Each structure stands twice: as structure tokens, then as C-alpha cells.
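Below is one structure, written out as C-alpha cells; comments come after it.
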Amino acid sequence: MDAVIVADLGVLAYARRAWPGLRLHLSVQAAAGSPEAIAFYAREYGVKRVVLPRVLSVGEIAALMREIEVETEAFVFGGLCVMAEGRCALSSYATGRSPNLSGVCSPPEAVTYTEEEGGAMTSRLAGLALDRYAPGEPTGYPTLCKGRFEVAGALSYLFEDPVSLNAIGLLTELRRAGVTAVKVEGRQRGKAYVARVASTFRKAIDLLERGGDPSALSAELTHLAEGGRETAGAYRKTWR
Amino acid sequence: MTRPAIGLTLGPLLFHWSPARIGDFYARVADEAPVERVYLGEVVCGKRAPLVAHALAEAAERLAAAGKEVVWSGLGLPATVRDRGAIAALAATPELVEVNDISGLLDRDAPFVAGPLLNVYNEAAAQELADRGCVRLCANVELSLDAVRAISRACPGLEIEILAFGRLPLALSGRCYHARHHGLHKDACRFVCERDPDGLRLSTLEGRGFLAVNGVQTLSDGVQLADVEPAVLADAGVTALRLSPHGTDMAAVARAFRDFLDGGIGRAELRRQVEGLGPPGPLVNGYLRGAAGMASVEDRP
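Going down the list, the protein sequences come from chains A and B. For what it's worth, the numbering used here labels the leading residue of the first sequence as 1229, then goes sequentially. For what it's worth, the numbering used here labels the leading residue of the second sequence as 82, then goes sequentially.
Below, the structure written as C-alpha cells:
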């Protein structure tokens, strides 16, 4: 075993006490997004690497790296959490299960699709109508923060469009910012998906090491994104 | 063994109110609300902090003069160098403060309150914080009363508050949804969140109220009501109920809860009285029963 990835303060304290030689990585669920939070975990529990929240831009990551002394890992493919990870309870509010409580978000057992009059399809989570699709239109998975909502009479994807994260085009910048490793989301995903995504990123990183441009490989991943639509998320500064 | 009565506290104001409204609100709390303790401070958005600092400082004096204990609460998600400085400054004060982001513990030597925005989900995490000086935990809203009981049994002496009234703080983001709704950028937001003193309701495609937007924070549309028998609360180790400020008559909410905790009224009457005060959304209580937060669950007799 090379390392253990931990989010919980109780587990961190136990690991530090009982297994002082164990290499600890800090999960994104610990919500350590500032130099002070990272310094706390590094100093108190000897954390060697921190997984960064998906709400930071590349510029913010670069600035952060100048103020911390541990390695960082950044998500590059999969769900795009628009809320600070580890600080989001939308899923349990609707379904009773959430990342912090149960390691899942918008869990599949709460998902239903209902056909409306005229053939439109409504995607639901815990009975809540999160999106609606015209007859024949491909339907998406009802992730709470990617739902279409009504606010003051206007319908919109207020939190985020139903897109997924693909930062393969930003590998060069992430490396320049000092990120040690990149991470693809495997939870609530199939084996074939994970294999395809991981091997594409492996190729991209190898290409980068040889001085090539990995963004050309982006097309290989497009059909794996939710609804076929992707974004570089917060890594691009235009997002906030 | 007799236990001390369960206390009532007022949590930090989560919404962006004008200084005048803040002044009026806390003057009324000082004079009329039967709460022993009031948490003050901007915990949601650092951009608001300078606009309300003076009003909150005056409120602190007013509340202290009325015999209320005042505890300053820190930001939940520092986003800028200034936010980080505010958290460090709070951590450096010797008085009891409420920490809502783990960065607030980096240089904290004095006792502290662990706020509901910190991730404490089990007794080991609570004990770790207690070992670091945590004297009181306001439970994360996702925790069931059973989880609270497990924490309290494992951490004797740790005071525990639970959120008893108010929209539930569910998420924080680097992005401002009030600004996004108005077609604005967070950096030039014009403080549009000020227009919605209880947050901006977000409904499903079928018109069912679901969430409420409050700047970078997302709350529930449903309003938590901890309608749990006082004996059950005491058994779970709850030492105080926390009421979250809303436009609802908070002095009346506090009086209803005080009456309920003192045995003057039962659960049904508490619910009837609070509903009569016009809370901003439907009453919910699912989290405390280990169910979905938006559920409204009846306890078995």
C-alpha cells in the first residue's frame, strides 16, 4: 500500500497516531482549498498530498502552490462539482444520501424517468422534476446541481448546465502550476468508462512528457461526457 | 440525575440585510427574544463583511448590555486573501469564537465552537476537535439525532447545539448564484442578494419549491423545525437549540421554542405556532430522523 486517502478528522487523527509511517493524502471531501487549511492538515496530520476542490481556477491553483509545501492532485475528468466538495448536502436533502454521509451524490435508486403527455420525458430525483426532454431527445442523468429550475419566473440551469468536466486541454497549464497528479472520477462509473478515460489521460500525460500537445486527444473522450457536453469548469477564470 | 434546561441560541445571520435592518433586528432580539446566546458575524460571503461590520459591532454591544452572550462566527468558505485574513484575525482573538472553516484552527490556541459548516460526522472527529479545544459543537445539518447521540455519548462534557429553526444551509460555492441569476459576475455583483432577505426560492419544473439561493450559499426552501420532545433532545446530549435568523418574527419563534422546551406546549402546538408566524417555506424535519432533509416526518408515539 502506497498511501491512504482520508477526509475525516477522526480517521486522520487515528492514522497519524496508530500508523505514523503511513503516507496520507487528503480527500477533496475534506474541503481544503486555502493555504491555511492545507497547512493545518499538513502540520497536524503529516498529510503529503491534497486533492483540490473543483472550484479553483488554474491561476488560483498556481497561486496556492506558491504558498503550500505539499503535493496537489486535481480532478480532470468526470462530474463537475460546482459546490465546494465536502460542503454540499443537496443530495441528502432530496434523497437522504450524500457524498459526506454515504459516498454518493444523486444516487441511482432515487432516479426515475416519467413520460409526459405528448411523449416528453421528465428526469426525476426523489420525485423532483429536474429536467425535461423532447420526444426522441437523449435524456441525461438527474444530478441535482445540473437540474433546470425556475427562479422568479425564469427557467434556467442556475447552478450549472448539464455538462461534465474535461480538462485534458489544460494538462500543460496544470503541470506548469505545479500539480503533481491528475485524477479522474471513478465513483458511480462503469469499469469500461474508467479504463477508457484513464488510458486516454495516460497517453496524454506521456505525450506531454515528450513535448507534445495532449489537447488533440480530447476528441477521444467527448462521447463519454454526460450528454456529450463538456467544460473546463472553474479551471477557466470566466466561470465564477 | 436532573439535567440543566436546554438552552436557546440565535445563529449568525446568513442573509445580506441592510445595516438599518440589522440594527432593528438585534435591538428586538436584545429586548424580546428569550435566547441566551447570539452568534454574530458574516459567515457566507466575505464581500458583505465590510458593509455590515459596524452594524454588527453595535448589535454586539446592545446584546451584551441585555445580558446575552455574544459569540463571533467566522466565514465558511474563504475565497480571497482578505477572507483568509478575517479568519486568521478571528482565530487570534482570545474570546470564544465559532469556527466554520478548518483554516480557522491553524493558529487557534484558545477554546472554540465548531460551527455547523465544519465537517464533523462521527464521534472520533468530534473527539479530535474536543482535544483541540472545541467546547461546543453545532451539529452539521446532515446529522441525525442518533448520530448526535453517538457523538455526545463519546464526548462527555461537549456541549451540542442543533439547528432547530430556519432554512438549512446545504452548500457553499466559489460561484455566486444570485449574481448569475441576475446576469452579473461575482466580482461585480452589486450585492443583489440584498433583495431577498430570506433567500431566493428555486423551484422545480413543476413549481415545487426546493432550494433557496443566498449568494454563494444554497439553502433549503423547507424550514427546519426541530419538533423533538425535550426529553429526547436531552437524551441525545443536545444542550441548546439554535434558531437561524429569518424575516419571520424571531422573538415569537424563540418564545414558542422556550415554551416548548419548558413543557408549556407540545409538538403539535409548537408546529402550529411557528406555521402561524409565516416561515418562508414549508416546515421540514427529516434530517433529525435520519431521513431526507426535505421530509416532514411524524415520530411514532
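Glycine included, every Cβ here is placed at the ideal spot set by N, Cα and C. Please read all numbers here as calculations on a predicted model, not as lab measurements.
From the options, residue whose alpha carbon lies closest to that of residue i
| i | options | result |
| --- | --- | --- |
| residue 1448 of chain A | A:1295, A:1281, A:1336, A:1429 | A:1429 |
| residue 1316 of chain A | A:1331, A:1450, A:1340, A:1305 | A:1331 |
| residue 298 of chain B | B:321, B:192, B:267, B:322 | B:267 |
| residue 1399 of chain A | A:1388, A:1411, A:1255 | A:1411 |
| residue 1299 of chain A | A:1231, A:1262, A:1276, A:1249 | A:1276 |
| residue 1327 of chain A | A:1289, A:1259, A:1296, A:1419 | A:1259 |
| residue 226 of chain B | B:371, B:377, B:375 | B:371 |
| residue 1437 of chain A | A:1404, A:1350, A:1343, A:1379 | A:1404 |
| residue 117 of chain B | B:179, B:152, B:201 | B:152 |
| residue 295 of chain B | B:274, B:124, B:375, B:128 | B:274 |
| residue 1472 of chain A | A:1241, A:1308, A:1304 | Chain A is shown from 1229 up to 1468; residue 1472 of chain A falls before or after that span and cannot be answered. |
| residue 214 of chain B | B:189, B:147, B:181 | B:189 |
| residue 1247 of chain A | A:1231, A:1236, A:1235 | A:1231 |
| residue 205 of chain B | A:1240, A:1233, A:1229 | A:1240 |
| residue 1295 of chain A | A:1285, A:1347, A:1434, A:1266 | A:1266 |
| residue 157 of chain B | B:174, B:181, B:148 | B:181 |
| residue 271 of chain B | B:257, B:177, B:284, B:101 | B:257 |
| residue 126 of chain B | B:107, B:159, B:147 | B:159 |
| residue 1427 of chain A | A:1340, A:1349, A:1442 | A:1442 |
| residue 203 of chain B | B:91, B:136, B:347, B:219 | B:219 |
| residue 201 of chain B | A:1229, A:1237, A:1460 | A:1237 |
Distance between beta carbons of residue j and residue i, contact taken as under 8 Å
| i | j | result |
| --- | --- | --- |
| residue 1375 of chain A | residue 1358 of chain A | 3 Å |
| residue 1370 of chain A | residue 1334 of chain A | 6 Å |
| residue 1292 of chain A | residue 1273 of chain A | Not really, about 19 Å apart at Cβ, beyond 8 Å. |
| residue 122 of chain B | residue 99 of chain B | 17 Å between Cβ atoms; not a contact. |
| residue 184 of chain B | residue 1255 of chain A | About 17 Å separates the two Cβ atoms, so there is no contact after all. |
| residue 1390 of chain A | residue 1368 of chain A | 5 Å |
| residue 319 of chain B | residue 87 of chain B | 6 Å |
| residue 250 of chain B | residue 137 of chain B | Contact doesn't hold; Cβ gap of about 19 Å is too wide. |
Unbroken alpha helix (DSSP H) run spanning residue i, endpoints
| i | result |
| --- | --- |
| residue 342 of chain B | 331–342 |
| residue 204 of chain B | 204–212 |
| residue 1446 of chain A | Unbroken run through residue 1446 of chain A: none, as it is neither H nor E. |
| residue 118 of chain B | Careful: residue 118 of chain B lies outside any alpha helix (DSSP H), inside the beta strand (DSSP E) at 118–121. |
| residue 316 of chain B | 311–316 |
Limits of the beta strand (DSSP E) - the one that residue i falls within
| i | result |
| --- | --- |
| residue 226 of chain B | That residue, residue 226 of chain B, is in no beta strand (DSSP E); its alpha helix (DSSP H) goes 226–235. |
| residue 1253 of chain A | 1252–1254 |
| residue 1411 of chain A | 1409–1412 |
| residue 285 of chain B | Looking at the DSSP string, residue 285 of chain B is not in any beta strand (DSSP E), and its letter there is neither H nor E. |
| residue 193 of chain B | 193–195 |
| residue 302 of chain B | 298–306 |
Closer than 9 Å to chain E by CB, residue i
| i | result |
| --- | --- |
| residue 1350 of chain A | The structure shown has no chain E; the protein chains it does contain are A and B. |
Near-chain B residues of the stretch 1378–1395 of chain A - C-beta to any C-beta below 9 Å: Flagged, chain order: 1378, 1379, 1380, 1382, 1383, 1384, 1386, 1387, 1388.
Chain A contacts made by the stretch 222–238 of chain B, where a contact means CB separation under 8 Å: Going along the stretch 222–238 of chain B in chain order, one finds 222, 223 with a Cβ nearer than 8 Å to chain A.
Residues within the stretch 285–296 of chain B neighbouring chain A, beta-carbon criterion of under 9 Å: 285, 286, 287, 288, 289, 291, 292, 294: these are the residues of the stretch 285–296 of chain B whose beta carbon lies less than 9 Å from some beta carbon of chain A, given in chain order.
Selection of the stretch 105–125 of chain B by Cβ proximity to chain A, strictly under 8 Å: Against chain A - using a Cβ distance shorter than 8 Å - the stretch 105–125 of chain B contributes no residues.
Would you list, in chain order, the members of the stretch 1312–1339 of chain A that have their beta-carbon closer than 8 Å to a beta-carbon of chain B? Taking 8 Å as the upper bound on Cβ-Cβ separation, chain B lies near residues 1312, 1314, 1315, 1316, 1317, 1318, 1320, 1321, 1322, 1323, 1324, 1326, 1328, 1329 of the stretch 1312–1339 of chain A.
Pull out every residue of the stretch 1260–1281 of chain A whose Cβ sits closer than 9 Å to any Cβ of chain B, in chain order. Across the stretch 1260–1281 of chain A, CB contacts with chain B closer than 9 Å involve 1260, 1261, 1262, 1263, 1264, 1265, 1266, 1267, 1268, 1269, 1271, 1272, 1281, in sequence order along the chain.
If the cut-off is 9 Å on Cβ atoms, which residues from the stretch 308–338 of chain B count as contacting chain A, listed in chain order? Those residues of the stretch 308–338 of chain B that come within reach of chain A (Cβ to Cβ, closer than 9 Å) do not exist; the list is empty.
Complete runs of the alpha helix (DSSP H) confined to the stretch 1325–1374 of chain A [at least 4 residues]: Listed in chain order, they are 1327–1330.
Please name the residues in the stretch 1232–1247 of chain A whose beta-carbon is closer than 9 Å to at least one beta-carbon of chain B, in chain order. Residues 1235, 1236, 1237, 1238, 1239, 1240, 1241, 1242.
Scan the stretch 156–191 of chain B and note each continuous alpha helix (DSSP H) run of 4 residues or more that stays entirely inside, going in chain order. DSSP assignment within the stretch 156–191 of chain B yields the following whole alpha helix (DSSP H) runs of 4 residues or more, N-terminal first: 162–172.
In chain order, which alpha helix (DSSP H) runs of at least 4 residues are fully inside the stretch 1244–1310 of chain A? Counting only unbroken stretches of 4 or more residues, the alpha helix (DSSP H) elements lying wholly within the stretch 1244–1310 of chain A are 1263–1273, 1286–1293, in sequence order.
Residues within the stretch 350–381 of chain B neighbouring chain A, beta-carbon criterion of under 9 Å: For the stretch 350–381 of chain B, the beta-carbon criterion of a distance under 9 Å to any beta-carbon of chain A is satisfied by 365, 367, 368, 371, 372, 373, 374, 375, 376.
Going along the stretch 271–282 of chain B in order, which residues come within less than 9 Å of chain A, judged by CB to CB distance? With the criterion set as a beta carbon lying under 9 Å from some beta carbon of chain A, the members of the stretch 271–282 of chain B are 281, 282, in sequence order.
Select from the stretch 191–210 of chain B all residues with a C-beta closer than 8 Å to any C-beta belonging to chain A, and list them in chain order. Listed in chain order, the positions of the stretch 191–210 of chain B with a beta carbon within less than 8 Å of a beta carbon of chain A are 198, 200, 201, 202, 203, 204, 205, 206, 207, 208, 209, 210.
Within 9 Å of chain A by C-beta, residues of the stretch 145–163 of chain B in sequence order: Going along the stretch 145–163 of chain B in chain order, one finds 157, 158, 159, 160 with a Cβ nearer than 9 Å to chain A.
Residues of the stretch 1353–1370 of chain A with a CB closer than 8 Å to any CB of chain B: list them in chain order, please. Taking 8 Å as the Cβ-Cβ cut-off, the stretch 1353–1370 of chain A approaches chain B at 1354, 1356, 1357, 1358, 1359, 1360, given in chain order.
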